[in-house]
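One structure is given here, and the rest of the page talks about it.
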Amino acid sequence: MTLLSELLPGSIRTAEAFESVADVLLFPEEQAVIVDAVEKRRREFATARQCARRALAALGQPVVPLLPGRQGAPSWPPAVVGSVTHCDGYHAAAVALRAEVASLGIDAEPDVELPDGVLEFIARPRERQQVAELTEQDPSLHWGRLLFSAKESVYKTWFPLTGQWLGFHEAELDINPLGGTFRVRLLREGRDPEGRQLHTFHGRWLHRRNLIVTAVAHI
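In structure tokens:
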């Protein structure tokens, strides 16, 4: 069981690593992407691909090159949707069959205070108020960091569906501190590939091992 498997439906396969590794066998096309990258970036890229391949194998999918597409996210096989994330001390991937899940997004962050000014940049007034209230009620978790992570998961879910940018202020979140869930009200007009209007997403979160992990699955 992975941290993400606690947050996502059973049809979604996940894999994780708590340390980055360098000795991952990459395709030549993947090697070319990081040929000039610094060592930290190379290890992050390689470990994320390793997680993605493990998740794809669990889904019964073949090993293929996973090259960055638009906005830098991996280009998945045609029948697959997926998402990857990495931060210091954690790397993970989640994949599902497109026939079962329309899109998904995952994110992991260290449970530390956001840098000065970031909360004001990413949060709408109502969200800032909720972060302040939750911080007063339970200061053991950095709620601003949770909001940031959840918005990253929202964007990673939105973009493959619409091909459009979604600004931080174009989604408003309501965090459930007890149930480990959050509701997303989308404030920009967008439609999925079938032409259906997107109004809301629903996500889940957990706080463990000094990490904040969030996930959104749009069925």
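Numbering follows this note's numbering, in which position 142 of the sequence shown is assigned residue number 223; successive positions increment by one, without gaps.
Glycine residues also receive a C-beta, built at the ideal position from the N, C-alpha and C atoms.
The beta carbons of Ser-156 and Pro-241 sit no closer together than 7 Å. The count of Cβ pairs closer than 8 Å, one atom from the region 226–242 and one from the region 180–196, reaches three, so the stretches are in contact. Ala-138 is not bridged by DSSP to any residue.
Val-235 has no beta-bridge partner at all, per DSSP.
Under DSSP, Arg-266 forms a beta bridge with Glu-253 and Thr-281.
Taking C-beta separations shorter than 6 Å and ignoring five residues to either side along the sequence, the partners of Gly-225 in its chain run Leu-195, Leu-200 and Val-212, following chain order.
For Ser-164, the three-state secondary structure derived from DSSP is strand. Residue range 171–178 is occupied by the beta strand (DSSP E) that includes Leu-178. Counting the other CB atoms within 10 Å of its CB gives Gly-163 a total of 16 or more, which places it among the buried residues. DSSP, read as helix, strand or coil, puts Ala-296 in strand.
Within a 10 Å sphere around the beta-carbon of Arg-272 sit fewer than 16 other beta-carbons, which makes this residue exposed. Within the same chain, and ignoring the five residues on either side of Leu-222 in sequence, the residues whose Cβ sits closer than 7 Å to its Cβ are Asp-192 and His-288.
Judged by beta-carbon spacing, Asp-197 lies beyond the 7 Å limit of Thr-166, meaning their Cβ atoms are not closer than that value.
Here Leu-85 is near Ala-175, since their CB atoms are less than 7 Å apart. Membership of Ile-187 in any alpha helix (DSSP H) is not indicated; the residue belongs instead to the beta strand (DSSP E) covering 184–191.
Remark: C-beta atoms of Ala-96 and Ala-136 approach each other more closely than 7 Å. Secondary structure at Leu-88: coil, using DSSP grouped into helix, strand and coil. Non-local beta-carbon contacts of Leu-215 in its own chain, meaning distances under 6 Å to residues more than five positions away in sequence, involve Trp-224 and Pro-258 in chain order.
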